[in-house]
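Read in order, the letters of the sequence shown correspond to residues 28 to 394 in the working numbering. Backbone N, C-alpha and C define an ideal beta-carbon position, used for all residues, glycine too.
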Amino acid sequence: MRLKVAVLTGGGDCPGLNGAIKWVTKSALDPKLAEKRSISFEVVGITEGWKGLIEIDPGDPKSCDRYLKRLDEETVRTWDRYGGTNLGTSRTNPFNPKNDRSEILIDNVKKLGIDALVVLGGEDTLGVAYKLHKLGIKTVGIPKTIDNDLTGTEYSLGFDTAVNVIMEEIDRLRTTAGSHSRIFVVETMGRHAGWLALHGGECSGAYIILIPECPFDMDVVCELLRERKGREIHYSIIVVSEGAKLSGKQEFLRDNKIDDFGHPTLGGIASFVANEIEKRTGFEARSLVLSHLQRGGTPSAHDRLMARWFGIAAVDMLLNEDFGRMVSLVRGEITSVPMKEIINKLKLVDVEKYYDIERYNGRRSIM
Ligand code: F6P
Numbered sequence: 028m029r030l031k032v033a034v035l036t037g038g039g040d041c042p043g044l045n046g047a048i049k050w051v052t053k054s055a056l057d058p059k060l061a062e063k064r065s066i067s068f069e070v071v072g073i074t075e076g077w078k079g080l081i082e083i084d085p086g087d088p089k090s091c092d093r094y095l096k097r098l099d100e101e102t103v104r105t106w107d108r109y110g111g112t113n114l115g116t117s118r119t120n121p122f123n124p125k126n127d128r129s130e131i132l133i134d135n136v137k138k139l140g141i142d143a144l145v146v147l148g149g150e151d152t153l154g155v156a157y158k159l160h161k162l163g164i165k166t167v168g169i170p171k172t173i174d175n176d177l178t179g180t181e182y183s184l185g186f187d188t189a190v191n192v193i194m195e196e197i198d199r200l201r202t203t204a205g206s207h208s209r210i211f212v213v214e215t216m217g218r219h220a221g222w223l224a225l226h227g228g229e230c231s232g233a234y235i236i237l238i239p240e241c242p243f244d245m246d247v248v249c250e251l252l253r254e255r256k257g258r259e260i261h262y263s264i265i266v267v268s269e270g271a272k273l274s275g276k277q278e279f280l281r282d283n284k285i286d287d288f289g290h291p292t293l294g295g296i297a298s299f300v301a302n303e304i305e306k307r308t309g310f311e312a313r314s315l316v317l318s319h320l321q322r323g324g325t326p327s328a329h330d331r332l333m334a335r336w337f338g339i340a341a342v343d344m345l346l347n348e349d350f351g352r353m354v355s356l357v358r359g360e361i362t363s364v365p366m367k368e369i370i371n372k373l374k375l376v377d378v379e380k381y382y383d384i385e386r387y388n389g390r391r392s393i394m
């Protein structure tokens, strides 16, 4: 039996995607493994995520050239070294109630002779994969999001590289913050979950870490800073998630735009916090938004390894007909979970377990 598998990446890009595509391709086409399998594979990449599968005209060679990429071992040989996604991505939602294009998509999958989809994405993209699975399209998911907020898995591709970026940038900030005795407020990504800010802040020794799961008070932030300035320290680093909220308030929005999945664009909290600190305490404060730097660059060793393991596991799942499931890491082991279980709930920071609500920082007692 021959299976035509299409791979696509959706949502925000991140380091590790190319590695996972490489290992899906390599393990599907591995000649040694092929000898033992009753199924052989053909692997194609779909460019620009769900948008590619909607906009492609299967009868038009030019359109197929744009949206389809034949993947073989030679094509993907070096991909694991590079960040981003060589297939391109989009935030297109085929099931957007205002513009539902799911029928076109399903029709194209059939016309292209695609037997199964390997979908690399976060909650939105995998939510689409799950809906398609319910409509009879065979899908397997691979988790990716630098926010690391997908349930059902301890790890999502991109997170480790992003935490390393935060750490490296804060290391850089420290020298100038120290020279000028300034406070720096660093804004990380993390729409709903504070993992990036918490882990990034913890591994770089931030004085205050503000996360969406624990609304904060500016009076407390200022008091913590005053307390510290009274001691020997002349500068402080504050890390804040883009989705962090003042007590009783909503997130800070960058503009009025809403994406295809109904999400607003967040931003502005770091500059607000820095301004308030200056106003309330007189301490000099600056802000910095790390923004998409966190999603850029080459994947860390951990992301390369996870990409490899997730990619290989996805092919095993195709062979075992484990459709409608997402590859996952549970207690350090690679396994899989039904996509149904990961939709509409996010893995948030357990404040009681990991966060000190008085210090606004990671806990200092583990047991
Ligand atoms: O989805 C993950 C994420 O990293 C969020 O934390 C952030 O709000 C969003 O991507 C920004 O993505 P973009 O600017 O590419 O739409």
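With 7 Å as the limit between CB and the heavy atoms of the ligand F6P, the residues that fall short of it are G38, G39, R118, G149, T172, I173, D174, M216, G217, R218, E269, D286, T292, L293, H319, R322. For V248, the enclosing alpha helix (DSSP H) covers residues 245-256. Counting C-beta atoms within 10 angstroms of its own C-beta, N120 has 16 or more neighbours from the protein chains shown and is therefore classed as buried. DSSP lists V266, L315 as the beta-bridge partner residues of V213.
The segment 257-266 makes no contact with the segment 279-289, as fewer than three CB pairs between them are under 8 Å. For M366, there is no enclosing beta strand (DSSP E), since its DSSP letter is neither H nor E. Judged by their CB atoms, G168 and L153 are nearer to each other than the 8 Å cut-off. In the structure shown, L373 adopts extended strand secondary structure according to DSSP, grouped into three states. A distance below 8 Å between beta-carbons, with the five flanking residues on each side excluded, links L223 to the following residues of its chain, in chain order: I173, D174, N175, F186, A189, V190, I193, T215, M216, G217, S268, Q321.
Here E360 is bridged, per DSSP, to V357. The way I'd put it, the segment 304-320 doesn't touch the segment 331-350; fewer than three beta-carbon pairs between them come closer than 8 Å. Counting along the chain, no beta strand (DSSP E) covers F122, and no H or E run does either. A residue is called buried when at least 16 other Cβ atoms come within 10 angstroms of its Cβ; K49 meets this threshold and is buried.
Counting along the chain, the unbroken beta strand (DSSP E) around K31 starts and ends at 29-36. For K165, the CB contacts under 6 Å within the same chain, skipping 5 residues up- and downstream, are A143, F350 in chain order.
Shortest Cα-Cα distance from D330 to any of G221, I81, P291, S183 involves S183. Listed in chain order, the non-local C-beta contacts of A33 below 7 Å within the same chain comprise V71, I73, I141, L144, local neighbours out to five positions each way being set aside. Annotation: the segment 66-126 contains the following complete segments of the alpha helix (DSSP H) (minimum length 4 residues), in chain order: 76-82, 88-94, 100-103. Between S129 and G76, the CB-CB gap reaches or exceeds 8 Å.
Listed as beta-bridge partners of K158 by DSSP are no residues whatsoever. Rounded to the nearest angstrom, the gap between the Cα atoms of L293 and G38 is 16 Å.
Looking at E229, P58, N302, N45, the one whose alpha-carbon comes closest to that of V103 is N45. Rounded to whole angstroms, R64 and I339 show a C-alpha spacing of 15 Å. The beta-carbon separation of G275 and P239, rounded to 14 Å, does not stay under the 8 Å limit for a contact.
For the pair S54 and N371, the Cα-to-Cα distance works out to about 31 Å. With fewer than 16 other Cβ atoms from the protein chains shown falling within 10 Å of its own Cβ, G86 counts as exposed. With respect to the C-alpha of E195, the residue from E82, I131, S67, G228 having the closest C-alpha is G228. Under the three-state reduction of DSSP output, R331 falls in the helix class. Judged by DSSP secondary structure, A271 falls outside any beta strand (DSSP E); it is assigned neither H nor E.
Per the DSSP secondary-structure output, K171 pairs in a beta bridge with L184.
DSSP places Y381 in the helix class (H, G or I) of the three-state scheme. Separation of L95 and F68 (C-alpha to C-alpha, rounded to the nearest whole angstrom) is 16 Å. Taking every protein chain shown into account, the CB of G148 has 16 or more other CB atoms within 10 angstroms, so this residue is buried. The three-state secondary structure of L320, taken from DSSP, is helix. The beta carbons of E181 and L373 sit no closer together than 8 Å.
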